[in-house]
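Accompanying notes for the structure given below.
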Amino acid sequence: MAGKGYRSHVLLSRMQARQIIDGAFVKARAMRMEPLTVVVLDGGGNVVAAEREDGCAPLRYAVAKGKAFAAIGNGASSGVVGQRNAERPAFLASVAAASEGQFIPVPGGVLILDDQQCVIGAVGASGASSGEDEAAAVAGIEAAGLAYGIEPD
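Note that my numbering has the sequence shown beginning at 84, numbered continuously upward.
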């Protein structure tokens, strides 16, 4: 069959990613946060969806993506990764270099989990305080009816 190929197995759909972004923005407006950018990555670290609110600075996309990538690349939220390694600046610098700058170990990157508590993606939010960014990411995941992970047990 010319022109056809196999499709990839989708664990996190574009529709779910859109629900996450919309839910994060609803939380941000309810809390009167500064404008956010939210990035949703699949389990391989690829962007499924991304959006910025009006008035959000352009660098926020790279920061939001870096927070999500830090979470997915390390199996814990971006804030936990930074906190665990605060006394290891050489490690953090090495991981940042290995990820070609796509590693932001501050709160705002949260894992998306399936029913078996396996990682299927991550959300990164940037624009407000780090704690507010994380709260918006969590709210977005919940709005999509999915589970989230901050720190493994």
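The beta carbon of each residue, even a glycine, is placed where N, CA and C say it ideally should be.
Beta-carbon separation of residue i and residue j under 7 Å?
i           : j           : result
residue 123 : residue 100 : yes
residue 154 : residue 184 : no
residue 217 : residue 190 : yes
residue 219 : residue 208 : yes
residue 151 : residue 206 : yes
residue 146 : residue 104 : no
residue 232 : residue 175 : no
Please report whether the beta-carbon of residue i lies at a distance below 7 Å from any beta-carbon of chain B.
i           : result
residue 144 : In the displayed structure, chain B is absent; only one protein chain is listed.
Restricting to Cα atoms, I'd like to know which of the options is closest to residue i.
i           : options               : result
residue 197 : 142, 228, 213 and 165 : 228
residue 97  : 147, 150, 134 and 152 : 134
residue 204 : 187, 162, 109 and 156 : 156
residue 130 : 113, 117, 140 and 148 : 148
residue 116 : 136, 102 and 127      : 136
Just reading off the alpha helix (DSSP H) that residue i is part of, what are its end residues?
i           : result
residue 197 : It is not in any alpha helix (DSSP H) - residue 197 carries neither H nor E in the DSSP assignment.
residue 177 : 172 to 181
residue 89  : It is not in any alpha helix (DSSP H) - residue 89 carries neither H nor E in the DSSP assignment.
In the DSSP assignment, the beta strand (DSSP E) including residue i goes from what residue to what residue?
i           : result
residue 206 : 202 to 209
residue 230 : 230 to 232
Tell me, please, which residues DSSP counts as bridged to residue i.
i           : result
residue 135 : 120
residue 218 : In DSSP, residue 218 forms no bridge with anything.
Measure the beta-carbon distance from residue i to residue j and round it to whole angstroms, keeping in mind my assumption that it falls under 8 Å.
i           : j           : result
residue 119 : residue 214 : Not really, about 13 Å apart at Cβ, beyond 8 Å.
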